[in-house]
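Let me begin by presenting the structure, written as structure tokens, before commenting on it.
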Amino acid sequence: MSSPDSVALEGAMAADEALDDLVRRAQQGEEAAFEEILARFEGKALAIAHQMGASRADAEDIAQEAFIKLLKHIGSYGGGRRFTAWFYRIVVNAARDHIRRAGPVMQDLDAAGPEAAPSEGAGQEAYHRIRQALLVLSPREREVIVLRDLHGLSTWQVARALRLNPVTVRRHAMRARARLRDLLGI
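Residues 64 to 249 in our numbering are what the sequence shown spells out, letter by letter.
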């Protein structure tokens with residue numbers, strides 16, 4: 064009889080294999096496979112760009128730029144590392160470049176926030192406070208927190224995506240969490 068942990072591991076491995084197959088098909092020029100990748104990752108790309116400090120409109124531009132780069136460079140993806148981390152590096156780099164040119168913004172913190180943020184009352188106020196606190200972090204701390212804590216990547220995946228040592232990722236995460244606790248009074 065299988066344990067719940069082994070069933071979860073088997074499910075994760077099957078999902079990884081399915082994504083690897085999808086990537087291989089996209090590398091071979093199958094348009095439907097690339098469209099499926101777009102559908103799976105578009106929301107995540109938008110959320111990462113927005114959480115890193117881009118306005119909602121700029122987040123859409125960043126996501127589009129990331130997918131154009133993905134389409135252009137998908138043939139260079141050699142496997143052996145998780146596609147998700149590779150893709151997130153593309154998004155983070157596109158967001159980093161865009162924000163460096165334009166600067167982080169706060170002007171669009173209305174009910175058009177991420178799906179996870181409640182649209183009214185205390186939940187919206189909490190969303191504003193968290194977003195403002197994220198923008199106070201250094202760009203590297205913000206990248207680590209967004210990928211690790213908001214998108215659930217492992218330390219290893221964040222390290223791969225940002226081309227950092229895992230110890231450095233943990234250090235940035237600890238420092239950023241401490242700063243967020245101070246900023247948010249928790």
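The beta-carbon is built from N, C-alpha and C at its ideal position, and this holds for glycine as well.
Note that this is a predicted model, so its numbers are computed, not measured.
C-beta atoms of R203 and L197 nearer than 8 Å: Within the sequence shown, numbered from 1, the residue matching residue 203 stands at position 140. Within the sequence shown, numbered from 1, the residue matching residue 197 stands at position 134. Against a cut-off of 8 Å, the Cβ pair of L197 and R203 comes out as no contact.
Rounded separation between A189 and L216 - CA only: Residue numbering aside, residue 189 sits at position 126 when the sequence shown is read from its first letter. Residue numbering aside, residue 216 sits at position 153 when the sequence shown is read from its first letter. Those two C-alpha atoms are separated by around 23 Å.
C-alpha distance - I193 paired with L247, whole-angstrom precision: Position 130 of the sequence shown, counted from the first residue, corresponds to residue 193. Position 184 of the sequence shown, counted from the first residue, corresponds to residue 247. So the alpha carbons of these two residues sit roughly 7 Å apart.
N-terminal and C-terminal residue of the alpha helix (DSSP H) that E105 is part of: Here residue 105 refers to the residue found at position 42 when the sequence shown is read from its first residue. Segment E94 to Q114, the alpha helix (DSSP H) holding E105.
Extent of the continuous alpha helix (DSSP H) run through D121: Stepping through the sequence shown from its first residue, residue 121 is reached at position 58. D121 -> alpha helix (DSSP H) spans R119 to H136.
Element boundaries [alpha helix (DSSP H), containing N156]: As a first step, residue 156 is located in the sequence shown; it is residue number 93 there, counting from the start. Segment F146 to A165, the alpha helix (DSSP H) holding N156.
Helix, strand or coil at G248 according to DSSP, with G and I counted as helix: Taking the sequence shown and counting its residues from 1, the one referred to as residue 248 is at position 185. In this structure, G248 counts as coil in the three-state DSSP scheme.
Pair within 8 Å by beta-carbon distance, K132 and I153: As a first step, residue 132 must be located in the sequence shown, where it is residue number 69. As a first step, residue 153 must be located in the sequence shown, where it is residue number 90. Cβ atoms of K132 and I153: closer than 8 Å.
Burial state of F115 (16 or more Cβ within 10 Å): By 1-based counting over the sequence shown, the position of residue 115 is 52. The residue you asked about is not Phe; residue 115 is Met in the sequence shown. Buried, by the Cβ-count rule.
Helix, strand or coil at D213 [DSSP, three-state]: As a working note, residue 213 is residue 150 in the sequence shown. Before going on, a small fix: residue 213 reads as Leu here, not Asp. Note: L213 maps to helix in three-state DSSP.
F97 vs F150 beta-carbon contact at 8 Å: Position 34 of the sequence shown, counted from the start, is the residue given in the question as residue 97. Position 87 of the sequence shown, counted from the start, is the residue given in the question as residue 150. Not a contact, by the Cβ cut-off of 8 Å.
Span of the alpha helix (DSSP H) around R223: Within the sequence shown, the letter at position 160 stands for residue 223. Taken as a continuous stretch (DSSP letters only), the alpha helix (DSSP H) holding R223 covers T218 to L225.
Integer-rounded CB distance, given that I208 should sit under 8 Å from H161: Your numbering for residue 161 matches position 98 in the sequence shown. Your numbering for residue 208 matches position 145 in the sequence shown. Going by Cβ atoms, the distance from H161 to I208 rounds to 19 Å, so no, they are not a contact pair.
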